Every structure is written in C-alpha cells, then in structure tokens.
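To keep things clear, I will list the structure first and then write my remarks on it.
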Amino acid sequence: MIFVHLFYEFFKIGLFSFGGGYATIPFLYHIGEVYGWFSGADLERMIAIASVTPGPVGVNMATYTGLTSGGIIGSLVATTAITIPSLILIVIISKILKKFRENFYVKAIIYGLKPASCALLASVAIQMILSKSNDIYAMVLFGIFLVMSFITKKDPLFYLGVTGIIGLIIFLLKT
Amino acid sequence: MSLFRLFLLFVKIGAILLGGGYVILPVMKSEFVEKNKLISEDDLVDYFAISQSLPGIIAANISIFVGYKLRRTLGAIVAVAGVTFAPFWSIVLLASLISKYLHTSIMQGIFWGVGIGVMVLMISATREMWAKAFEDKFAYLIFAAGLAVMLFTDISPVWVVISSAVTGVIYKKIARWRIKE
Numbered sequence: 000m001i002f003v004h005l006f007y008e009f010f011k012i013g014l015f016s017f018g019g020g021y022a023t024i025p026f027l028y029h030i031g032e033v034y035g036w037f038s039g040a041d042l043e044r045m046i047a048i049a050s051v052t053p054g055p056v057g058v059n060m061a062t063y064t065g066l067t068s069g070g071i072i073g074s075l076v077a078t079t080a081i082t083i084p085s086l087i088l089i090v091i092i093s094k095i096l097k098k099f100r101e102n103f104y105v106k107a108i109i110y111g112l113k114p115a116s117c118a119l120l121a122s123v124a125i126q127m128i129l130s131k132s133n134d135i136y137a138m139v140l141f142g143i144f145l146v147m148s149f150i151t152k153k154d155p156l157f158y159l160g161v162t163g164i165i166g167l168i169i170f171l172l173k174t
Numbered sequence: 000m001s002l003f004r005l006f007l008l009f010v011k012i013g014a015i016l017l018g019g020g021y022v023i024l025p026v027m028k029s030e031f032v033e034k035n036k037l038i039s040e041d042d043l044v045d046y047f048a049i050s051q052s053l054p055g056i057i058a059a060n061i062s063i064f065v066g067y068k069l070r071r072t073l074g075a076i077v078a079v080a081g082v083t084f085a086p087f088w089s090i091v092l093l094a095s096l097i098s099k100y101l102h103t104s105i106m107q108g109i110f111w112g113v114g115i116g117v118m119v120l121m122i123s124a125t126r127e128m129w130a131k132a133f134e135d136k137f138a139y140l141i142f143a144a145g146l147a148v149m150l151f152t153d154i155s156p157v158w159v160v161i162s163s164a165v166t167g168v169i170y171k172k173i174a175r176w177r178i179k180e
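Which chain is which? The protein sequence lines are F and U, in order.
Under numbering that gives the first Met the number 0, think of the first position of the first sequence as 0, with each following residue one higher.
Under numbering that gives the first Met the number 0, think of the first position of the second sequence as 0, with each following residue one higher.
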C-alpha cells in the first residue's frame, strides 16, 4: 500500500511543482505532515543531502524521501513517479512546441503559477524558521548567514559546509 | 546514436549536475551541440526555456526533450532513466551511510549546523523565484493568498497550484475582454 501512496504523491509532485528543484519541497513538507513518513527535521536533512550530492535536487529529494518511507523499492517508485508527468507532457507538446509557447492559456496559467510557486516556497521557509525560533544560537547564526547571502551569491555547498563545521565545533566545545 | 550510448551520455550529465538543474544548459551544450553535434544550439535553448515553465524537475524535462528529439518516446525514457541514474545511487549509498551514524552526537551537531544553512538556501531559492514571479500588481495578490492558505490551513499545495492557474486564466480573460471593449 505504501508504494501506491508513494507513486500517487510523487506523481502529483511531478505534475504540480513548478520552478525547479526546491519547488518540490512544499509538497514534501505537506505529505510529511499527512502521512507521517518523515518529520520537518528529516526534511531539512534531506534538503542538505540533496544539495550536496550529484544530480538535480528534485530527483535527489524524491529518491531520499522514497528511501526513508519505503526502502529501495520506495525510492525507485518515487523517482519514477515524479518524472512520469514530464515524460507524458513533453512527448505530447514536442510536436506543437512553437504553438505551445504562444498559447493564451499556457501564458495565463504560468502568470498565475509564478507567484503561487513562490508563495509555496516562502511558506516552508517561514515554517522552518519558526520551528527554530527559540534556539537563540541558531537564530543568530541564521541572521549572520542570511545577511551574507544578500551581500554575495555563494554556492549552496558553501553554506552547508560552513554551517556543518560550525555545528561540529559547537558540539566539540560542549563536550 | 544507439540508445545505450544515449543512456551513458545522460548518466554522465546526471552525475555532473550539482545543487540544482540550472547548470544543465552549459553541460548539455558541450555534450550534445559541440562534442557530438546531435542537436542545434537553438533547439537546446528552446528546450531549456520551455522546461522551466513545465511542471517537474527542470533537468529531467530538458533531458526528455533531447531524448525525444533524438530517438522519440524510447529516447525520452532512456534519457530520463540516464539522468536520474547517478543521483539515485548516490542518494541510496549516502543515505544508508548517514542513517547508520545519524544518532551519534557528532552527526547531531553537524546537522544542527546544516539546518541553519538549509534555511539560508530556502530563503535564497525563494528570492530567486520572487525576482521572476510578478508580471503586474495582481500577481502580488495571488502570492499573498497562496502564502496565507499555506501558513494558516492544512490545504494541500496542489490546490494552491490549481486555483492560482485558474485565477491566472480568469484574470487574463478579463484583461483581454477589457481591451476588446
């Protein structure tokens, strides 16, 4: 039964997530709440690992989520399911590529989807920050790195690497 | 090009990509346009542009386009299987390693720190989307409504996506109808 649910949920993500790798996260956050396959903290770990392993973040997220909730078959089901909507859509629209882009409805739908996808991602970011709001150390570090991210654009690896090392140092100092 | 070579090429592309699909354009250009001369650069740029406005994973979308162009439906399937191959196995291996050591306190310390980095990345990703999200003032209303629904209700993001798409169509219909008047 878990495989049916995994397929159904990841097919939906493949069909409804717009805007690249991180766009899958709001959907994962939601299914984590509904099915209890993983917690918010698990999801944070997945995002970190997906960002530092090779491959598109969306694929990594699907594989990892599938793995934690249904083992290796689960990860295979999730990864396949998330790409099937793209496969079907692209085989259909490949023949009408030019018309597709100029189409009134396509443009109107994208007009509505862009701000909505941004809102989905923003909501998860806000919920993540709120969940840590009584950890003073985390909030101070977050503030510092956030300011840094506004000033210079750095690779995801930089933020995850440096914060990981800081976490390690703080742990070593405590013991 | 044989399906097997196509598969291997996409395995290579999937293995090179790190941290998101945006670097896929230069990588694909070097593999398919320059080295192997299989598709034109114009086609590739087109695929890239359309892939971003389609649902799903951008890198997978571009791969499906290229695979379909070269070997039709079978090529599309081979392409997506290839591009997800390396990410799939790297996650499976890494995740089993991590879950083994996850409950040690050193790992807990590292992941406490990494959680902060993830929040910064989430904000960066949101800002990137924000920069391209608004065609006019009404789009801010869609953003606000979507955010409110996500924060204050348990409604699935799927419904936010569907209703914003419908809103977009209605809004543009009214706008077009007004111009005609």
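In this text, a Cβ means the ideal position worked out from N, Cα and C, and glycines have one as well.
Note that the structure is a prediction, hence the values are computed from the model and not measured.
Where do the ends of the alpha helix (DSSP H) carrying F:Gly57 lie?
Unbroken alpha helix (DSSP H) run through F:Gly57: 56-92.
Does the pairing of the segment 158-166 of chain U with the segment 152-161 of chain F give three or more beta-carbon distances under 8 Å?
Judged by Cβ distances under 8 Å, the segment 158-166 of chain U makes no contact with the segment 152-161 of chain F, as fewer than three pairs qualify.
Residues of chain F with a CB under 8 Å from the CB of U:Pro188: which are they?
Here chain U has residues from 0 to 180 only, and residue 188 of chain U is not among them.
What span of residues does the alpha helix (DSSP H) with U:Asp42 cover, start to end?
It spans 40-52 - the alpha helix (DSSP H) in which U:Asp42 sits, taken as one unbroken run.
What's the C-alpha gap between F:Val58 and F:Ile81?
Rounded to whole angstroms, the gap between the alpha carbons of F:Val58 and F:Ile81 is 8 Å.
Using DSSP bridges, identify the partner residues of F:Phe17.
For F:Phe17, which the question treats as bridged, DSSP gives the partners U:Pro54.
Short of 6 Å in beta carbon distance, which residues of its chain neighbour F:Thr62, apart from the five on each side in sequence? Order them along the chain.
Once the five neighbours on either side are set aside, the close Cβ partners of F:Thr62 are Ser74, Thr78.
According to DSSP, is F:His4 helix, strand or coil?
F:His4 falls in the helix class under three-state DSSP.
Please confirm if U:Pro86 has its CB atom under 8 Å from at least one CB of chain F.
Answer yes: the Cβ-Cβ gap between U:Pro86 and chain F drops below 8 Å somewhere.
Candidates F:Leu42, F:Ile92, F:Gly166: which alpha carbon is nearest F:Ile30's?
Selected option, being the one with the closest Cα: F:Leu42.
Report the CB separation of F:Leu129 from F:Ala47 in whole angstroms; it is logged as a contact under 8 Å.
Going by Cβ atoms, the distance from F:Leu129 to F:Ala47 rounds to 19 Å, so no, they are not a contact pair.
Proximal residues of chain U, C-beta to C-beta of F:Trp98 below 8 Å
Reading off the sequence shown, one finds Lys at residue 98 of chain F, where the question assumed Trp. Among the residues of chain U, none has a CB under 8 Å from the CB of F:Lys98; the nearest is roughly 12 Å distant.
Contact the segment 76-96 of chain U vs the segment 110-118 of chain U: 3+ CB pairs below 8 Å
At 8 Å Cβ cutoff, the stretches do not touch.
If we define contact as Cβ-Cβ less than 8 Å, is F:Ser122 a contact residue for chain U?
For F:Ser122, the answer is yes, since a Cβ of chain U falls inside 8 Å of its Cβ.
Go ahead and pull the three-state DSSP assignment for F:Trp36.
Coil at F:Trp36, not helix or strand.
Go ahead and pull the three-state DSSP assignment for F:Ile165.
It is helical.
Please identify the residue among U:Val159, U:Leu5, U:Arg175, U:Trp88 whose C-alpha is closest to the C-alpha of U:Ala14.
Taking only the C-alpha atoms, the option nearest U:Ala14 is U:Trp88.
According to the Cβ coordinates, are U:Leu73 and U:Met0 closer than 8 Å?
When the beta-carbon positions are compared, U:Leu73 and U:Met0 stay at least 8 Å from each other.
Got a sec? Which residues, its chain only, sit under 8 Å from U:Glu30 by beta carbon, not counting five neighbours each side?
If we look at U:Glu30 and ignore the five residues flanking it on each side, its Cβ neighbours are Leu8, Lys11, Ile12.
In the segment 112-134 of chain U, which residues sit with their C-beta less than 8 Å from some C-beta in chain F, listed in chain order?
Those residues of the segment 112-134 of chain U that come within reach of chain F (Cβ to Cβ, closer than 8 Å) are Gly112, Val113, Gly114, Ile115, Gly116, Val117, Met118, Val119, Leu120, Met121, Ile122, Ser123, Ala124, Thr125, Met128, Trp129, Lys131, Ala132, Phe133, Glu134.
Flag this pair as yes or no: are the beta carbons of U:Pro156 and F:Pro84 separated by less than 8 Å?
Not a contact, by the Cβ cut-off of 8 Å.
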